[in-house]
Amino acid sequence: MTATENAGPIAGTAGADGGPKGGDMRSLRNRGLDLRDPEREAELTRLFDAHHHQLVRLAALLGAGGDAEDVVAEAFCDLYRRWNRLRDPAKAASYLRASVCNQVRMRHRHLAVVRRHPEPVRPDASSAEQEAVLREDQREVAAALLRLPDRQRQALVLRYWLDLGEREVAETMGISNGAVKSHTSRGMAALARSLEQRR
Amino acid sequence: MNEAETEQRLRETLGVLAAGVTPDRDAYRKVAATWRWRELRRRLLALLLAAVIIVTAVVLGLWLLNRVAADEPVVFQGPAVAAGPWQ
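Residue numbers (this note's numbering), protein chains in the order written: chain B, 967 to 1165; chain Y, 1393 to 1479.
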């Protein structure tokens, strides 16, 4: 089912931050508080249809684990809020990718702080499922990828999974082309070293 | 292991990992509900802030007017000067 098919009235779903249920929203609309901006909604719906799946996969590959859907939802909400300030609507997809990358990096920082405290972090069920479908050599690559610093992992995923050019990777990560080259080559070298050691 | 081989293995692994991720089919409804709710909350907060500023300004003005004695000028200092061609 696509987002366009889902674009009808909201029914019975609370927002991620405890938003109103469908009935509440309908009653608000009846009272004349219709918040829909048709042009913005249509653009966001089109972007959602075109990029949602890919962004969830990107978030998962960057290490968001079970939070991948939430990370992508946050990116779309952020884009909706800033839509009128977006200088070039054609760059919306690039903005969404950058937003996902930043949020995954923030999530890793948060987890690093949590791990300093004695409270145990629950293992990620979705990543365990993913591990099961990998061959032994692919499992080694996945493990080595997870050990890389965030920036290097992002550069490799954007470059070799999304097949983005150096300039696009730089735009998405908010760094220079030279820094992208450096992160990519260091990441590849670390990956090769790690795989050699396991042989 | 050469770079081309590492790259090949990396692409394969990323492809398999990505194929294993199945996005939520109901995601659009949830996300759209969230962004509409946040927009409503943002507008209500802006409305509340505007109302607070206006009420504060009105209350402050009334309080100032109430403090001034009846025969004291409120806006201009000094004796009132009548202006007009009849002077």
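A virtual CB, placed ideally from N, CA and C, is assigned to each residue, including glycine.
Small disclaimer: the values here were computed from a predicted structure and weren't measured.
Query	Result
Contacts around B:Val1066, its chain only, beta-carbon distance under 7 Å, and the 5 residues preceding and following it disregarded	Leu1021, Leu1024, Ala1025, Val1037, Val1038 and Ala1041
DSSP-derived helix/strand/coil call for B:Asp1036	helix
Local Cβ density within 10 Å of B:Val1080, reported as buried at 16 or more and exposed below that	exposed
Cβ-Cβ distance between B:Gly1144 and B:Ala1064 below 8 Å	no
C-beta atoms of B:Leu1028 and B:Val1107 nearer than 8 Å	no
Exposure of B:Met935, with buried meaning 16 or more beta-carbon neighbours within 10 Å	Outside the displayed span of chain B (967 to 1165) sits residue 935 of chain B, for which this structure offers no information.
Of the residues B:Trp1049, B:Thr1150, B:Ala1030 and B:Leu1077, the one placed nearest B:Leu1013, counting alpha carbons only	B:Trp1049
Backbone CA spacing between B:Arg1117 and B:His1149 [nearest angstrom]	7 Å
Backbone CA spacing between B:Asp1047 and Y:Glu1431 [nearest angstrom]	Note that residue 1047 of chain B is Arg in the sequence shown, not Asp. Each residue's alpha carbon lies about 7 Å from the other.
Where Y:Glu1404 meets chain B, residues with beta-carbon distance less than 7 Å	Gln1104
Own chain, CB closer than 7 Å to B:Leu1112, minus 5 neighbours either side, in chain order	Gly1029
C-alpha distance - B:Arg1105 paired with Y:Arg1434, whole-angstrom precision	45 Å
Best match in Y:Glu1399, Y:Glu1397, Y:Ala1396 and Y:Ala1411 for proximity to B:Leu1100 [C-alpha to C-alpha]	Y:Ala1411
Terminal residues of the alpha helix (DSSP H) in which B:Leu1130 lies	Taken as a continuous stretch (DSSP letters only), B:Leu1130 belongs to no alpha helix (DSSP H), as it is neither H nor E.
Near-chain B residues of the segment 1395-1423 of chain Y (beta-carbon distance less than 7 Å), N- to C-terminal order	Glu1395, Thr1398, Glu1399, Arg1401, Leu1402, Arg1403, Glu1404, Thr1405, Leu1406, Val1408, Leu1409, Ala1410, Gly1412, Val1413, Pro1415, Asp1416, Arg1417, Ala1419, Tyr1420, Arg1421, Lys1422 and Val1423
Contact with chain B by Y:Trp1427, beta-carbon distance below 8 Å	yes
Alpha-carbon spacing of B:Leu1052 relative to Y:Val1447, whole angstroms	34 Å
Interface flag, Y:Arg1430 vs chain B, CB-CB below 8 Å	yes
Cα-Cα separation, B:Arg1159 to B:Leu1114	12 Å
Closer than 8 Å to chain Y by CB, B:Arg1023	yes
Contact check, Y:Val1408 vs B:Cys1043, beta carbons under 8 Å	no
Straight-line Cα distance separating Y:Glu1404 from Y:Leu1436	49 Å
Below-8 Å beta-carbon distance, B:Arg1047 vs any chain Y residue	yes
Option nearest B:Gly1032 by Cα separation, candidates Y:Leu1406, Y:Glu1395 and Y:Pro1415	Y:Pro1415
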